[in-house]
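> These protein sequence lines are chains C and B, in that order. Using the numbering used here, you'd call the opening residue of the first sequence number 1046 and step up by one each time. Using the numbering used here, you'd call the opening residue of the second sequence number 647 and step up by one each time.
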Amino acid sequence: MIRELLEDYVLGELSPHDRRRVEEHLGECAACRMLAGEYENALQSLSEALAVVSPLTLPSNLKTSLLARIEHETAAAARPERARAPWFGLKRAGVLVGTVLLVLSIASTVAFAVTLERQRDLRGRLAEFVEDQELVLELTDGRGRRKLSLRAPDPDSRAYGKVFTHPHLREVLVMANRLPRPKARLGYQVWVTSDRKTWLVGALELNQKGFGAFIFTGDRLGPTYDDVRVVLQPKGSKTPPGERAPEYLRASRRE
Amino acid sequence: MQSRSSSPLESDAVLAARVAVHEAEAWGLLYDRYAPSVFALAAHTLGRAHAEELVQDVFLRLWRTAPQFDPDRGAFRTWFLTGVRNRIWDELRSRSREERLLVAGEVEQLLSEAADPGVDVEELVYRRERGRAVLRALQCLPAEQRRVLVLAYFGGGLSHAAIAEHLGLPLGTVKKRTRLGLQKLRALLGDERTEGHQPVHSLGEGGKAAYEL
């Protein structure tokens, strides 16, 4: 029934009541979410068609001036103490005000400060575990990098993780978040399986938030694994976990 | 360590992740990909001067909000463009119905000329792969379906009732044509998917469906 409302939903044609019903349903139904996304995409393609045939074209100098602005903004972000203290409560000015004022006021928005905090937080957390930040960046973001998502078999668990490899690197980055604190003498050990062989690649040391990460060196460039498991075991255990070992995260091949 | 280089075919999600760590080059590639259509939509509906401001504003915000995009929850394109669309529609709602019908009618005229099967699409858009696919799809869409869809979209979410009155058609006819048009356009674009663009554009999984501006 909801499926029949999706066209009207993306066209903004539904009553507030029906709109809420559709949005609640979309929160639960992946198939309808995908269909609604495709309708949305079809509508957006009308703008792409218009861009091709329209006599109104994007001013070519706009990109250059915007690039200059974001470079200023990044420079301002590199001085967070200045951006945050005296300007913190200022309301953001309009787009057309002078560049200097714009840079300062943009840096002052709460959203921007929050974004900066988030980035520093993630980088800080990774730096806490892995020293080589260049390697981290290459593995998480380099062209051609591959990602496996580690998911919790327990549906009530909020834990998740990721495994990154890169075709030109032997190193593999493993990270996990929101893992429950283990009892004394127990630790989260990471086991990988390839060609029916299973071996231990390392253990996740967690911070207060249940986040942990490490890099290990694989046996070849851009290693791939059939299985990656994060298992709670006695610390330092070298015994491969059996089928019944308490398993907290497991990878399913994704890319 | 290999030095990193950018390719125009790098996926949106990868570029968004690079923007999140403040790589200006990745931002530039997303700008090249999306600014023309954002500008076209805004320029034709809100006016040229306003469109320039809007493009600047949404792309500056993208620089700051890219870390909020989560590729596990859907396509970048849907997240970003739905946010842009919502913002433009919000602004259009404060305008009179007549004005919205007028601007949407002008767009309809432009698109219907381009969608004429006699137009050489290859020549028109020889360098714009995505535009080519979309124009081909529009050529295959029945004119009466395209018309109501374009009026609804570029009219800032004009109601079916307003469009029916404007075109002198029964409400049921407009409803039917809009639904069929959208279904057909979706199917046609599915056939025209090109490399370098994400094949499936899904809304966010349990999260925000759109980039909030």
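Note that CB positions come from ideal geometry on N, CA and C, so glycine has one too.
What did DSSP end up calling residue 1254(C) once you bin it into helix, strand or coil?
Reading the first sequence from its first residue, position 209 is the one you call residue 1254(C). Coil, per DSSP.
> Compare the C-beta of residue 727(B) with all C-beta atoms of chain C and state if any pair is closer than 8 Å.
Stepping through the second sequence from its first residue, residue 727(B) is reached at position 81. Taking Cβ atoms only, chain C reaches closer than 8 Å to residue 727(B), which makes this a yes.
> Return the residues of the region 709-741 of chain B that lie within a Cβ-Cβ distance of less than 8 Å from chain C, sorted by chain order.
709, 710, 711, 713, 714, 718, 720, 721, 723, 724, 727, 728, 731 and 735
> Could you tell me which chain C residues have their CB closer than 7 Å to the CB of residue 746(B), listed as they occur along the chain?
To locate residue 746(B), count along the second sequence from 1; it is residue 100. Chain C residues near residue 746(B): none, gap ~12 Å exceeds 7 Å.
> How would you call residue 818(B), buried or exposed, if buried means at least 16 neighbouring beta carbons within 10 angstroms?
The sequence position of residue 818(B) within the second sequence is 172, counting from 1. It counts as exposed.
> If we ignore side chains and look at the alpha-carbon of each, how far apart do residue 791(B) and residue 827(B) end up?
Indexing the second sequence from 1 puts residue 791(B) at position 145. Indexing the second sequence from 1 puts residue 827(B) at position 181. Near 5 Å, if we compare the C-alpha coordinates of residue 827(B) and residue 791(B).
> Quick one: which chain B residues come within Cβ less than 7 Å of residue 1104(C)?
Here residue 1104(C) corresponds to residue number 59 of the first sequence, with the count starting at 1. Simply 698.
> In whole angstroms, what is the alpha-carbon distance linking residue 730(B) and residue 1064(C)?
By one-based count along the second sequence, residue 730(B) stands at place 84. By one-based count along the first sequence, residue 1064(C) stands at place 19. C-alpha separation (whole angstroms): 19 Å.
> By the DSSP assignment, the alpha helix (DSSP H) with residue 1194(C) in it spans what residues?
Here residue 1194(C) refers to the residue found at position 149 when the first sequence is read from its first residue. Here residue 1194(C) belongs to no alpha helix (DSSP H); instead the beta strand (DSSP E) covers 1191-1196.
> Check each residue of the region 796-825 of chain B: if its Cβ is closer than 7 Å to any Cβ of chain C, include it; give the result in chain order.
Flagged, chain order: 796, 798, 799, 803, 805, 806, 824 and 825.
> Under the rule that 16 or more other beta-carbon atoms within 10 Å means buried, what is residue 754(B), buried or exposed?
In the second sequence, residue 754(B) corresponds to position 108, counting from 1. With 16 or more other Cβ atoms within 10 Å, it is buried.
> Is it buried or exposed, residue 1088(C), if we count other Cβ atoms within 10 angstroms and call 16 or more buried?
Taking the first sequence and counting its residues from 1, the one referred to as residue 1088(C) is at position 43. When all chains shown are included, residue 1088(C) counts as buried.
> Check whether the Cβ atoms of residue 734(B) and residue 787(B) lie closer than 8 Å to each other.
For this step, residue 734(B) is matched to residue 88 along the second sequence. For this step, residue 787(B) is matched to residue 141 along the second sequence. The answer is no: Cβ separation not under 8 Å.
> Under a three-way DSSP split, which group does residue 1127(C) fall into?
Here residue 1127(C) corresponds to residue number 82 of the first sequence, with the count starting at 1. Since pLDDT at residue 1127(C) reaches only 41, below the 50 mark, its modelled position is unreliable, and the value read off the structure follows with that caveat. In the three-state scheme derived from DSSP, where H, G and I count as helix and E and B as strand, residue 1127(C) is classed as helix.
> Determine the contact status of residue 1059(C) and residue 1050(C), defining contact as a CB-CB distance below 8 Å.
What you label residue 1059(C) is simply residue 14 of the first sequence in a count that begins at 1. What you label residue 1050(C) is simply residue 5 of the first sequence in a count that begins at 1. Yes, Cβ-Cβ distance for residue 1059(C) and residue 1050(C) is below 8 Å.
> Look at residue 759(B) and residue 1104(C) and say whether their C-beta atoms are less than 8 Å apart.
Within the second sequence, the letter at position 113 stands for residue 759(B). Within the first sequence, the letter at position 59 stands for residue 1104(C). No; because the gap between Cβ atoms is not below 8 Å, this pair is not in contact.
> Whose C-beta lies closer than 6 Å to the C-beta of residue 761(B) among residues of the same chain, with five residues either side of it excluded?
The sequence position of residue 761(B) within the second sequence is 115, counting from 1. If we look at residue 761(B) and ignore the five residues flanking it on each side, its Cβ neighbours are 784 and 785.
> Terminal residues of the continuous alpha helix (DSSP H) containing residue 1209(C)?
Numbered from its first residue, the first sequence carries residue 1209(C) at position 164. That residue, residue 1209(C), is in no alpha helix (DSSP H); its beta strand (DSSP E) goes 1205-1210.
> Run the CB neighbour count on residue 1262(C), radius 10 Å, all protein chains shown included, and call it buried at 16 or more, exposed below.
Counting from one through the first sequence, the residue named residue 1262(C) turns up at place 217. The residue in question, residue 1262(C), is exposed, as its Cβ has fewer than 16 Cβ neighbours within 10 Å.
> Within 10 angstroms of the Cβ of residue 1109(C), are there 16 or more other Cβ atoms? Answer buried if so, exposed if not.
Position 64 of the first sequence, counted from the start, is the residue given in the question as residue 1109(C). It is exposed - the Cβ of residue 1109(C) has fewer than 16 other Cβ atoms within 10 Å.
> Should residue 1147(C) go down as buried or exposed, given a rule of 16 or more other Cβ atoms within 10 Å for buried?
Position 102 of the first sequence, counted from the first residue, corresponds to residue 1147(C). The pLDDT assigned to residue 1147(C) is 39, lower than 50, so where the model puts this residue is not dependable, and the model offers no usable value.
> Within the 8 Å Cβ cut-off, does residue 1063(C) reach chain B?
The sequence position of residue 1063(C) within the first sequence is 18, counting from 1. Closer than 8 Å: no.
> For residue 676(B), which residues from the same chain have a beta carbon less than 6 Å from its beta carbon, with the 5 sequence-adjacent residues on both sides left out?
Here residue 676(B) is taken as the residue at index 30 of the second sequence, counted from 1. Excluding sequence neighbours, residue 676(B) sits near 661.
> Whose C-alpha, out of 1242(C), 1098(C) and 1280(C), is nearest the C-alpha of residue 1271(C)?
On the first sequence, position 226 is the one that residue 1271(C) refers to. Residue 1242(C) is the option with its Cα nearest to residue 1271(C).
> Would you mind sorting residue 1069(C) into buried or exposed? The rule is 16 or more other CB atoms within 10 Å of its CB.
Numbered from 1 along the first sequence, position 24 holds the residue referred to as residue 1069(C). The residue is exposed, with fewer than 16 neighbouring Cβ atoms inside 10 Å.
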